[in-house]
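Here is the structure we will look at, set down as C-alpha cells.
There are 2 protein chains.
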Amino acid sequence: MKDISVVVIEDNEKFRNGLAQLIEGTPGYRCVGTFSDCEKALPEICNLLPDVILMDIGLPGMSGIEGVKAIKACLPEIEILMLTIYEDDAKVFDSLYAGASGYLLKKTAPAKILEAITEIHDGGSPMSPKIARKVLDLFHKTAPAEETEQLSSREKEILQLLVEGLSYKAIGKRLFISPHTVRAHLKNIYEKLHVHSKSEAAVKAVKQRLFP
Amino acid sequence: MKDISVVVIEDNEKFRNGLAQLIEGTPGYRCVGTFSDCEKALPEICNLLPDVILMDIGLPGMSGIEGVKAIKACLPEIEILMLTIYEDDAKVFDSLYAGASGYLLKKTAPAKILEAITEIHDGGSPMSPKIARKVLDLFHKTAPAEETEQLSSREKEILQLLVEGLSYKAIGKRLFISPHTVRAHLKNIYEKLHVHSKSEAAVKAVKQRLFP
DNA sequence: CACAAAATACCCCATTTGAGTGATTGATTT
DNA sequence: AAATCAATCACTCAAATGGGGTATTTTGTG
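The listed protein sequences correspond, in order, to chains A and B.
Take the first sequence: its position 194, counting from 1, is numbered 194 in my numbering, and each next residue is one higher.
Converting from the second sequence to my numbering requires adding 1000 to each position, the first position being numbered 1.
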C-alpha cells in the first residue's frame, strides 16, 4: 500500500519538527511538507497534493480555520485534521463547519496521532473524546421533534417539498396530484404542527431536523 | 478506582454472553445485568443504575432507539453506547438524537469495545470511524452563509421575524413601521437571497444558521 | 369482510402575498 | 455638492394562500 502523504502547518517550530519526525520516522507515512503559516503553505499545497493536512488553529496571519476554508474550496478531496490546543465550542465548530474532517488536541499521544492520520485517510473522522462529545451534544440539544412524528409519510413528503420552497401547484405537479389535495394535506400538517402558514411549517421542519 | 458497571441489552444470546464475559473478565469492568429486550431491561435499570449501557438497535418489541429515549427520559446521567450492525444514516442519527453518547458497529474489536466503554464513561463519545464521518458530514452540508452577509441590519431583523412565522402586518406592528415598508424590505431580501417567497427565505435563513 | 385512516379531489371566500412602480428622507461616501 | 444607499411609505393587481366545508377512493388492520 502507498504511504500516506502528510503536510504539517504549525507555527511552533519544535512541535512542527517533532510531528515531521514522527511521521517520517514511521513506515507507511510520508511528511511531504511543513509550513509555519497558511500564507506560505497555500501555494505549495496544490503541487504537493498531500492525502492529509495537519492544521494548527492559532497561526500568525491567516488562522487555521480560514486556511481550512481556502484549501477545501479548491481541493476538497484533501482530508484536514485539526491539531490544536483549543477545545472551546466556537473553535471546534467553526473548524468543522469550515470543512475539517477530524479534530485532535495537541496533548494526544504520538501513536494516537498516527492512528488518526490513518483513520481520516480511510474515511473516518478522528476526534479527541471531549471533542466528539461536544459534537454529539449539539445533536441532543436540537428539538425532540415529537410533533413531526405524527405526520403520515405522505405528509412528510409534502412538508419536504414545502421546505424546498415549492408552491401548492408545484408540489402537486411533482407528486402528480391536484393542488387541491396538496391544500388538504397542508391543512392537516398545519393542525398537527400547530402552525398557520407555509413558512412556519417549513421553519419548524428544518429546526427539528426532520430533513437533515 | 471503582469498576465501571455495565448493562448489556442485546437479543442475540451468543453475542450478549460474549459481551458479558468480555466485560466481567476484564479488570476494571463489571457486567451488572444482561437483557434480551428493552421491556425486560427497563424496570431493572432503575435498580441496577449502571454507569454505561450497551444497546442493540434491532431488538424484538421496543427498538433500541425507543429504549434510549425511555432510559434517557428518567435517567439522563446513564451513558448509552449503541452497539449494532446498522450504519445507515437514519438509524445513526435517530440514535444520537434519542440521546446515545456513542455508536459502535458490532464488528468492532473486543479491545476497542472496552476502550469505548471507558471513553464514554470519561465523558467522551466513541464512534466507529465511518459513523463519526457521517456525523461530521452533517456539519459540512450546512451551507455557508455567504449570501446572508449582504443583508443590512434592518433586513436581518425582518428576516428574523419572518423565521418566527409573522405576517407582513405583524412584522410591521412589531417594528412600528408600515406593512408597506415590510414588503419593500422583503423584496430586497428576496433579491439578495435569490428566493421568491417567505418560506424559501425563512428556510434559507435557518439552514444558514443565521438564527441558531 | 368491516372499519378506520389516509389520500384524493372539489367548493367558497376573505386575506396574504409577490411583483411592479414611484417617492421622500437622512446618512454616508465620494 | 453630488451621488449613493438604507429606510420609510404608498399604490395597483394578479396570484397564492389559509380556513371553512364535503365527498370519494385507497389502503391497511383487525
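Where is the CB? At the ideal position from N, CA and C, for every residue including glycine.
Inset, instruction - For residue 1051(B), decide whether its Cβ has a neighbour in chain A, counting only Cβ atoms nearer than 9 Å. - result: Here residue 1051(B) is taken as the residue at index 51 of the second sequence, counted from 1. At a cut-off of 9 Å between beta carbons, residue 1051(B) makes no contact with chain A.
Legend entry - chain B residues whose Cβ lies nearer than 8 Å to that of residue 233(A): The displayed coordinates of chain A run from 1 to 212. Any statement about residue 233(A) would go beyond what the structure contains.
Inset, instruction - Check the Cβ-Cβ distances between residue 1179(B) and every residue of chain A, and say whether any is below 9 Å. - result: In the second sequence, counting from the first residue as 1, residue 1179(B) sits at position 179. By this cut-off, residue 1179(B) is not an interface position.
Inset, instruction - Could you tell me whether the Cβ of residue 1195(B) comes closer than 9 Å to any Cβ of chain A? - result: Numbered from its first residue, the second sequence carries residue 1195(B) at position 195. It does: the Cβ of residue 1195(B) has a partner Cβ on chain A nearer than 9 Å.
Legend entry - Where residue 93(A) falls: helix, strand or coil (DSSP): Here residue 93(A) corresponds to residue number 93 of the first sequence, with the count starting at 1. Here residue 93(A) carries a helix assignment [DSSP, helix/strand/coil].
Inset, instruction - Report yes if the C-beta distance between residue 1064(B) and residue 1084(B) is below 9 Å; otherwise report no. - result: Along the second sequence, read from residue 1 onward, the residue named residue 1064(B) stands at position 64. Along the second sequence, read from residue 1 onward, the residue named residue 1084(B) stands at position 84. Judged by their CB atoms, residue 1064(B) and residue 1084(B) are nearer to each other than the 9 Å cut-off.
Inset, instruction - Have a look at residue 1059(B) and residue 1094(B) and give me their C-alpha separation to the nearest angstrom. - result: Stepping through the second sequence from its first residue, residue 1059(B) is reached at position 59. Stepping through the second sequence from its first residue, residue 1094(B) is reached at position 94. So the two alpha carbons sit approximately 15 Å from each other.
Inset, instruction - Answer with yes or no whether the minimum CB distance from residue 183(A) to chain B is below 9 Å. - result: Counting from 1 along the first sequence, the entry for residue 183(A) is found at position 183. Taking Cβ atoms only, chain B never reaches closer than 9 Å to residue 183(A), which makes this a no.
Legend entry - Sequence-distant residues of the same chain with beta carbon closer than 7 Å to residue 215(A), five excluded per side: For chain A, the structure presents residues 1 to 212; residue 215(A) sits outside this window and is missing.
Inset, instruction - Please list the partners that residue 125(A) has in chain B, where partner means a Cβ-to-Cβ separation under 9 Å. - result: Position 125 of the first sequence holds residue 125(A). Residue 125(A) reaches chain B at 1127, 1129, 1130, 1131, 1132, 1133, 1134, 1135, 1136, 1137, counting residues in chain order whose Cβ is nearer than 9 Å.
Legend entry - Selection from 25(A), 51(A), 12(A), 26(A) that minimises the alpha carbon distance to residue 225(A): A question about residue 225(A) goes unanswered here, because the residues of chain A that appear run from 1 up to 212.
Inset, instruction - Go ahead and pull the three-state DSSP assignment for residue 213(A). - result: The first residue shown for chain A is 1 and the last is 212, placing residue 213(A) beyond what the model contains.
Inset, instruction - Over the uninterrupted alpha helix (DSSP H) stretch that includes residue 48(A), give me the two end residues. - result: Residue numbering aside, residue 48(A) sits at position 48 when the first sequence is read from its first letter. It spans 38-48 - the alpha helix (DSSP H) in which residue 48(A) sits, taken as one unbroken run.
Inset, instruction - Name, please, each residue of chain B whose Cβ falls closer than 7 Å to the Cβ of residue 200(A). - result: Sequence index remark: in the first sequence, residue 200(A) carries index 200 (1-based). The CB of residue 200(A) comes closer than 7 Å to the CB of 1165 in chain B, given here in chain order.
Inset, instruction - Report the partner residues of residue 1079(B) according to the DSSP bridge assignment. - result: To locate residue 1079(B), count along the second sequence from 1; it is residue 79. Residue 1079(B) pairs with 1052(B).
Inset, instruction - Check the DSSP bridge columns for residue 1009(B) and list the partner residues they point to. - result: Here residue 1009(B) refers to the residue found at position 9 when the second sequence is read from its first residue. Per DSSP, the beta bridge partners of residue 1009(B) are 1035(B), 1055(B).
Legend entry - Residue from 1192(B), 1118(B), 1133(B), 1042(B) whose Cα sits closest to the Cα of residue 1156(B): For this step, residue 1156(B) is matched to residue 156 along the second sequence. Nearest option by C-alpha distance: 1192(B).
Inset, instruction - Could you please tell me which residues of the stretch 1098-1122 of chain B, in chain order, have their CB closer than 7 Å to any CB of chain A? - result: Answer in chain order: 1099, 1101, 1119, 1122.
Legend entry - Under 9 Å between C-beta atoms of residue 135(A) and residue 182(A): For the purposes of this step, residue 135(A) is taken as the residue at position 135 of the first sequence. For the purposes of this step, residue 182(A) is taken as the residue at position 182 of the first sequence. Residue 182(A) is positioned such that its CB atom lies no closer than 9 Å to that of residue 135(A).
Legend entry - Near-chain B residues of the stretch 51-80 of chain A - C-beta to any C-beta below 9 Å: Residues 69, 72.
Inset, instruction - Please list, in chain order, all residues of the same chain as residue 204(A) whose beta carbon is under 7 Å from its beta carbon, the five residues on each side excluded. - result: Position 204 of the first sequence, counted from the start, is the residue given in the question as residue 204(A). Within the same chain, and ignoring the five residues on either side of residue 204(A) in sequence, the residues whose Cβ sits closer than 7 Å to its Cβ are 193, 195.
Inset, instruction - Give the DSSP-derived three-state secondary structure of residue 29(A) in the structure shown. - result: The residue you call residue 29(A) lines up with position 29 of the first sequence. Looking at residue 29(A) - three-state DSSP - the assignment turns out to be strand.
Legend entry - Environment of residue 1119(B) [buried if 16+ CB atoms lie within 10 Å]: The residue labelled residue 1119(B) in the question sits at position 119 within the second sequence. Residue 1119(B) should be labelled buried.
Inset, instruction - Just the chain B side, please: which residues come within less than 7 Å of residue 162(A) by C-beta, in chain order? - result: Within the first sequence, the letter at position 162 stands for residue 162(A). One finds 1199 in chain B with Cβ atoms closer than 7 Å to the Cβ of residue 162(A), taken in chain order.
Inset, instruction - Would you list, in chain order, the members of the stretch 23-35 of chain A that have their beta-carbon closer than 7 Å to a beta-carbon of chain B? - result: Within the stretch 23-35 of chain A, no residue qualifies.
Inset, instruction - Could you tell me which uninterrupted alpha helix (DSSP H) segments, each at least 4 residues in length, are contained entirely in the stretch 96-171 of chain A, listed from first to last along the chain? - result: With a minimum length of 4 residues, the continuous alpha helix (DSSP H) runs that stay inside the stretch 96-171 of chain A are 110-121, 129-141, 153-163.
Inset, instruction - Could you check if residue 1212(B) is buried or exposed, using at least 16 other CB atoms within 10 Å of its CB as the buried criterion? - result: As a working note, residue 1212(B) is residue 212 in the second sequence. Low confidence applies to residue 1212(B): its pLDDT is 48, below 50, so where it sits in the model is not reliable, and the reading given next is rough at best. It is exposed - the Cβ of residue 1212(B) has fewer than 16 other Cβ atoms within 10 Å.
Inset, instruction - Use the C-beta contact count for residue 76(A): other C-beta atoms within 10 angstroms, 16 or more gives buried, fewer gives exposed. - result: On the first sequence, residue 76(A) is found 76 positions in, with the first residue counted as 1. By the neighbour-count rule (16 or more Cβ atoms within 10 Å), residue 76(A) is not buried but exposed.
Legend entry - Test: residue 1203(B) CB closer than 9 Å to a CB of chain A: Position 203 of the second sequence, counted from the first residue, corresponds to residue 1203(B). Yes, residue 1203(B) lies at the interface with chain A (some Cβ there is under 9 Å from its Cβ).
Legend entry - Whole-Å CB distance - residue 6(A) paired with residue 51(A), under 8 Å assumed: For the purposes of this step, residue 6(A) is taken as residue 6 along the first sequence, with counting starting at 1. For the purposes of this step, residue 51(A) is taken as residue 51 along the first sequence, with counting starting at 1. Rounded to the nearest angstrom, the Cβ distance from residue 6(A) to residue 51(A) is 7 Å, consistent with a contact under 8 Å.
Inset, instruction - With residue 1206(B) as the anchor, note down where its alpha helix (DSSP H) starts and where it stops. - result: Residue 1206(B) sits at position 206 when you count from the first residue of the second sequence. It spans 1198-1207 - the alpha helix (DSSP H) in which residue 1206(B) sits, taken as one unbroken run.
Inset, instruction - Would you tell me roughly how many angstroms separate the C-alpha atoms of residue 162(A) and residue 171(A), rounded to the nearest one? - result: Indexing the first sequence from 1 puts residue 162(A) at position 162. Indexing the first sequence from 1 puts residue 171(A) at position 171. The straight-line gap from Cα to Cα measures roughly 8 Å.
Legend entry - Neighbour-count burial assignment, residue 1198(B), 16 or more Cβ in a 10 Å radius: Mapped onto the second sequence, residue 1198(B) falls at position 198. Classification for residue 1198(B): buried.
Legend entry - Reference residue 1045(B), options 1071(B), 1124(B), 1061(B), 1021(B), closest by Cα: Sequence index remark: in the second sequence, residue 1045(B) carries index 45 (1-based). The residue from 1071(B), 1124(B), 1061(B), 1021(B) with its alpha-carbon nearest to that of residue 1045(B) is 1071(B).
Legend entry - Proximal chain B residues relative to residue 206(A), where beta-carbon distance stays under 9 Å: Here the question's residue 206(A) lines up with position 206 in the first sequence. The answer, in chain order, is 1202, 1203, 1206, 1207.
Inset, instruction - Would you grab the beta carbon distance between residue 1124(B) and residue 129(A) for me? Rounded to a whole angstrom, and I think it's under 8 Å. - result: The count along the second sequence starts at 1 and reaches residue 1124(B) at position 124. The count along the first sequence starts at 1 and reaches residue 129(A) at position 129. With a contact defined as Cβ atoms closer than 8 Å, residue 1124(B) and residue 129(A) qualify at about 2 Å.
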